[in-house]
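For the sequence shown, position 44 matches number 46 in the numbering used here, and the numbering has no gaps at all. To keep things clear, I will list the structure first and then write my remarks on it.
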Amino acid sequence: MPLETPFDPLAESYDSWYDSEIGSKIFELELRTLRKIRFPGPSLEIGVGTGRFAEKLGIEVGVDVSKRMLRIARIRGIEVILADAHNLPFREKSFKTSYFITSLCFLNAERALREASRVSENLVLGFIPRESPLGKIYAEKGKKGHPIYSHARFLSAEEVKELLRKSGFRIIEAFSTLFFSSDSDFEDEVREGIHPSASFIVIFSSLQKSSSRAL
């Protein structure tokens, strides 16, 4: 594991963005969407970053490769572990629920989801779809050498659904939000289902045998 990741120098500025006017509004809307279904704990966030989401969602444990981000997450009361998402240091089914919140695009998605299916029974996956307005903006920034988004590979909603299926997860429900009308204006709304115009989608899935809807 490298001594410093691309995320380390930007840990403080990344975290403070959520205190900005638009950042705080987006954060609250994403939280509303992530709270639509409450799976049981104990829970793990894979790619916990600075722990903002973990703190508000009551996630007990977080892993990340960025030491500086983990320091901030620890201050927020999260039990943090410096670890690779592709090789989690946990026994099988150590957790009831795992979370990926805008982190899967920075990972080998298939390997990371396979590890999540090994250590947990349920999965909450929040992501920015490649075909969404925000996904297109971030992808373009990545092409121009952005220090963070140049390391991202955004996935389409269909790709995410197929990866979940291959990893053994069955979709229970999905919700969409961040419907932008301009670069800074968006609807304060969460819609059921997967909508291609949404810039943030949350898919709730489970390894358990239960009825699931075709999405």
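Where a beta carbon is used, it is the ideal one built from N, C-alpha and C, also for glycine.
Rounded straight-line distance, which links the Cα of residue j to that of residue i
i, j, result
"Ser-199", "Leu-36", "18 Å"
"Glu-123", "Pro-11", "34 Å"
"Glu-161", "Cys-107", "12 Å"
"Arg-215", "Asp-190", "Residue placement at Arg-215 is poorly supported in this model, since its pLDDT is 47, which falls under 50; the coordinates still yield a value, given next. The straight-line gap from Cα to Cα measures roughly 25 Å."
"His-286", "Arg-193", "Here the chain comprises residues numbered 3 to 217, so residue 286 is not present and cannot be evaluated."
"Ala-97", "Glu-47", "The amino acid at residue 97 is misidentified as Ala; the sequence shows Phe. Distance between the alpha carbons of Phe-97 and Glu-47 is about 10 Å."
"Ile-28", "Gly-195", "19 Å"
"Glu-2", "Phe-182", "The requested residue 2 does not occur in the structure, where the chain is confined to residues 3 to 217."
"Lys-232", "Glu-32", "There is simply no residue 232 to check, as the chain begins at 3 and stops at 217 in what is shown."
"Thr-7", "Gly-79", "23 Å"
"Glu-164", "Leu-157", "11 Å"
"Ser-212", "Phe-206", "Caution applies to Ser-212, whose pLDDT of 47 falls short of 50 and renders its modelled position unreliable; the value that the coordinates give is listed next. Whole-angstrom Cα-Cα distance: 13 Å."
"Val-204", "Ile-130", "9 Å"
"Arg-116", "Phe-188", "34 Å"
"Ala-13", "Glu-62", "21 Å"
Identified DSSP bridge partners for residue i
i, result
"Ser-111", "This sequence places Ala at residue 111; Ser is not what is there. BP columns for Ala-111 are empty, so no partner."
"Ser-100", "Leu-46 and Leu-125"
"Thr-179", "Val-192 and Phe-202"
"Phe-173", "Phe is not the amino acid found at residue 173; the sequence shown has Ile there. Per DSSP, Ser-207."
Member of the options whose CA lies at the smallest distance from the CA of residue i
i, options, result
"Leu-127", "Glu-30, Ala-85, Gly-137 and Ala-114", "Ala-114"
"Val-65", "Pro-42, Phe-41 and Phe-92", "Phe-92"
"Leu-209", "Ser-183, Glu-94 and Phe-129", "Glu-94"
"His-88", "Ser-178, Ser-15, Ala-118 and Lys-138", "Ala-118"
"Ala-159", "Trp-19, Arg-132 and Gly-49", "Arg-132"
CB contact below 7 Å: residue i versus chain E
i, result
"Thr-7", "The question asks about chain E, but that chain is absent: this structure has only one protein chain."
Extent of the continuous alpha helix (DSSP H) run through residue i
i, result
"Ser-26", "23 to 36"
"Gly-64", "First-last for Gly-64: 63 to 66, but that is the beta strand (DSSP E), not the alpha helix (DSSP H)."
"Lys-58", "54 to 59"
"Ile-130", "No alpha helix (DSSP H) holds Ile-130; DSSP gives it neither H nor E."
"Leu-157", "Where Leu-157 is concerned, there is no enclosing alpha helix (DSSP H), given that its DSSP letter is neither H nor E."
"Ile-74", "69 to 77"
Endpoints, beta strand (DSSP E) assigned at residue i
i, result
"Leu-90", "Note, Leu-90: premise wrong, no beta strand (DSSP E); not H, not E."
"Glu-81", "81 to 84"
#### Entry: Sufficient close CB pairs (3 or more, under 8 Å) joining the segment 121 to 141 to the segment 66 to 78
no
### Message
Under 8 Å, with one C-beta from each stretch per pair, do the segment 75 to 83 and the segment 46 to 58 reach the 3-pair mark?
### Response
yes
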